[in-house]
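Visitor:
Numbering (the working numbering), first residue to last: 13 to 123.
Right, here's the structure in full:
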């Protein structure tokens, strides 16, 4: 499967999907850690992809998304943004309802 097709499939299959460095329990960069903390504080579960274990996705996603950095939060097939945007939305109370509406049943690493 082509990398772009894999990305499209992941985004389609997971209503709340975070592309990050590391995992929610062990983030590998400060921006990913801050984003995970905001998501976890909302109380909804989410899927994630560790881009450090998926160099093809790490390479192709910025081009596909037209967004150069990680983490990237996707909700219901739409790129919401990176760390700064997520933290601002969380602080303004905009992230919680968005996540609640799109909540998934379990926190899973996407293969």
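The beta carbon of each residue, even a glycine, is placed where N, CA and C say it ideally should be. Computed from a prediction, not measured in an experiment: that's the story for all the values here.
Output yes or no for whether 8 angstroms exceeds the beta carbon distance between residue 57 and residue 99.
Guide: Along the chain shown, read from residue 1 onward, the residue named residue 57 stands at position 45. Along the chain shown, read from residue 1 onward, the residue named residue 99 stands at position 87. Against a cut-off of 8 angstroms, the Cβ pair of residue 99 and residue 57 comes out as no contact.
Visitor: For residue 62, is the classification buried or exposed, using 16 other Cβ atoms within 10 angstroms of its Cβ as the cut-off for buried?
Guide: Walking along the chain shown from the start, residue 62 turns up at place 50. Per the 10 Å Cβ criterion, buried.
Visitor: Given a cut-off of 8 angstroms, decide if residue 95 and residue 83 are closer than it, judged by their beta-carbon atoms.
Guide: Numbered from 1 along the chain shown, position 71 holds the residue referred to as residue 83. Numbered from 1 along the chain shown, position 83 holds the residue referred to as residue 95. For residue 83 and residue 95, yes; Cβs fall inside 8 angstroms.
Visitor: Where do the N-terminal and C-terminal ends of the beta strand (DSSP E) with residue 93 fall, by residue?
Guide: In the chain shown, counting from the first residue as 1, residue 93 sits at position 81. Per DSSP, residue 93 belongs to the beta strand (DSSP E) from 90-93.
Visitor: Tell me whether residue 22 is buried or exposed, calling it buried when 16 or more other Cβ atoms sit within 10 Å of its Cβ.
Guide: The count along the chain shown starts at 1 and reaches residue 22 at position 10. Classification for residue 22: buried.
Visitor: Out of 48, 107, 54, state which residue places its alpha-carbon closest to the alpha-carbon of residue 36.
Guide: Counting from one through the chain shown, the residue named residue 36 turns up at place 24. Of 48, 107, 54, the residue nearest in Cα terms is 48.
Visitor: Comparing C-alpha positions only, which one of 91, 40, 106, 113 sits nearest to residue 74?
Guide: In the chain shown, the residue the question calls residue 74 occupies position 62. Checked all of 91, 40, 106, 113; the closest Cα to residue 74 is 91.
Visitor: Taking a contact to mean a Cβ-Cβ separation below 8 angstroms, would you say residue 19 touches residue 72 in this structure?
Guide: Translated into the one-based positions of the chain shown, residue 19 becomes position 7. Translated into the one-based positions of the chain shown, residue 72 becomes position 60. Yes, they are a contact pair.
Visitor: For residue 109, does the three-state DSSP call read helix, strand or coil?
Guide: Looking up residue 109 in the chain shown gives position 97. Correct three-state label for residue 109: helix.
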